[in-house]
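Taken in sequence, the protein lines are chains L and E.
Each residue of the first sequence is one higher than the last, beginning at 38 in this note's numbering.
Each residue of the second sequence is one higher than the last, beginning at 7 in this note's numbering.
The block underneath contains the structure these notes are about, expressed in structure tokens.
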Amino acid sequence: GDSVTQMEGPVTLSEEAFLTINCTYTATGYPSLFWYVQYPGEGLQLLLKATKADDKGSNKGFEATYRKETTSFHLEKGSVQVSDSAVYFCAPVGSGGSNYKLTFGKGTLLTVNP
Amino acid sequence: DAGVIQSPRHEVTEMGQEVTLRCKPISGHNSLFWYRQTMMRGLELLIYFNNNVPIDDSGMPEDRFSAKMPNASFSTLKIQPSEPRDSAVYFCASSLRENTEAFFGQGTRLTVV
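Put into structure tokens, the structure is as follows:
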């Protein structure tokens with residue numbers, strides 16, 4: 038089945054620092070790829086997505102590019118803010134058949150200090 | 007749309023009691039998921055419904071757990087009897103169809119004492 042390996046946290050940065058959270062996946066076919074964010078006390082929210090190779094998903098200054106050759110979908114942001122402090126989850130979802138479900142990584146806790 | 011609605015937001019119960027968690031998916035979505043989140047195990051998929059039919063319940067931990075979806079707008083997750091190790095945050099999520107992004111509810115924080 039599908040699986041995902043996500044950079045272990047916690048990650049602590051100062052405001053305006055550059056962020057990278059690595060994510061690699063294994064999946065059959067051509068999965069769609071998602072990054073979700075979970076703020077304290079809340080459910081998961083979709084941050085960005087990419088549905089085919091070389092697509093770049095972007096939202097709120099975050100970006101991730103679907104790299105099929107390296108099976109990766111690393112999350113980046115050029116200048117983080119305190120309000121970006123949250124847990125980030127990478128998730129592939131399969132392209133059909135029984136690969137219907139989101140497979141979540143363990144999550145990466147990001148703390149941004151002023 | 008109001009999004010996925012879960013109730014209650016918090017539940018504290020005594021060991022051995024029955025607990026029922028409720029979920030209203032987004033209207034028009036035909037896929038529904040129940041997840042459990044703990045510090046130790048992260049996010050675990052418990053059960054998946056498609057068009058109100060349970061497709062995969064392999065993540066349901068044991069017979070004490072059961073889930074139903076009597077119609078397209080309502081699902082329940084029941085634990086009977088509850089145990090302290092069931093303490094977790096339970097999330098319901100729905101998606102428009104298979105293989106698309108899921109929208110999560112705010113979760114139910116369950117504490118079994």
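Positions of the beta carbon are idealized from the N, C-alpha and C atoms, including for glycine.
For clarity, every value in this text was computed on a predicted model and none was experimentally measured.
Reference residue i, options the options, closest by Cα
{"i": "C127 of chain L", "options": "L:R104, L:A64 and L:F110", "result": "L:F110"}
{"i": "L51 of chain E", "options": "E:V119, E:H35, E:F110 and E:N36", "result": "E:F110"}
{"i": "P90 of chain E", "options": "E:V118, E:G65, E:T106 and E:P67", "result": "E:V118"}
{"i": "V95 of chain E", "options": "L:G80, L:K97, L:G66 and L:N96", "result": "L:G80"}
{"i": "Q86 of chain E", "options": "E:G9, E:T19 and E:E24", "result": "E:E24"}
{"i": "P47 of chain L", "options": "L:L85, L:A123 and L:E100", "result": "L:A123"}
{"i": "E113 of chain L", "options": "L:F55, L:T49 and L:F141", "result": "L:F55"}
{"i": "N150 of chain L", "options": "L:Q118, L:Y62 and L:D91", "result": "L:Q118"}
{"i": "D62 of chain E", "options": "E:G9, E:P76, E:E107 and E:I53", "result": "E:I53"}
{"i": "S79 of chain E", "options": "E:M66, E:S64, E:N57 and E:Q112", "result": "E:N57"}
Exposed unless 16 or more other CB atoms sit within 10 angstroms - verdict on residue i
{"i": "G22 of chain E", "result": "exposed"}
{"i": "E53 of chain L", "result": "exposed"}
{"i": "G144 of chain L", "result": "buried"}
{"i": "P31 of chain E", "result": "buried"}
{"i": "K97 of chain L", "result": "exposed"}
{"i": "G34 of chain E", "result": "exposed"}
{"i": "Y76 of chain L", "result": "exposed"}
Chain E contact for residue i (CB, 8 angstroms cutoff)
{"i": "F141 of chain L", "result": "yes"}
{"i": "S109 of chain L", "result": "no"}
{"i": "F71 of chain L", "result": "yes"}
{"i": "G80 of chain L", "result": "yes"}
Neighbourhood of residue i by C-beta, 6 angstroms cutoff - its chain only, sequence neighbours within 5 removed
{"i": "L83 of chain E", "result": "L27, W40 and A73"}
{"i": "C29 of chain E", "result": "Q12, S81 and C98"}
{"i": "M44 of chain L", "result": "I58, N59 and T145"}
{"i": "R115 of chain E", "result": "H16 and V95"}
{"i": "T44 of chain E", "result": "A94"}
{"i": "S88 of chain E", "result": "T19, Q23, V25 and V118"}
{"i": "D92 of chain L", "result": "Y103"}
Short Cβ contact (8 angstroms threshold) for residue i with residue j
{"i": "A87 of chain L", "j": "P129 of chain L", "result": "no"}
{"i": "S40 of chain L", "j": "N105 of chain E", "result": "no"}
{"i": "F141 of chain L", "j": "L49 of chain E", "result": "yes"}
Proximity test, residue i beta-carbon vs the ligand MG heavy atom, cut-off 7 angstroms
{"i": "V130 of chain L", "result": "The ligand MG is not part of this structure, which contains no ligands at all."}
Cβ shell of residue i (< 7 angstroms), same chain only, five flanking positions each side left out
{"i": "R103 of chain E", "result": "N36 and S37"}
Proximity test, Cβ basis, 8 angstroms: residue i and chain L
{"i": "G48 of chain E", "result": "yes"}
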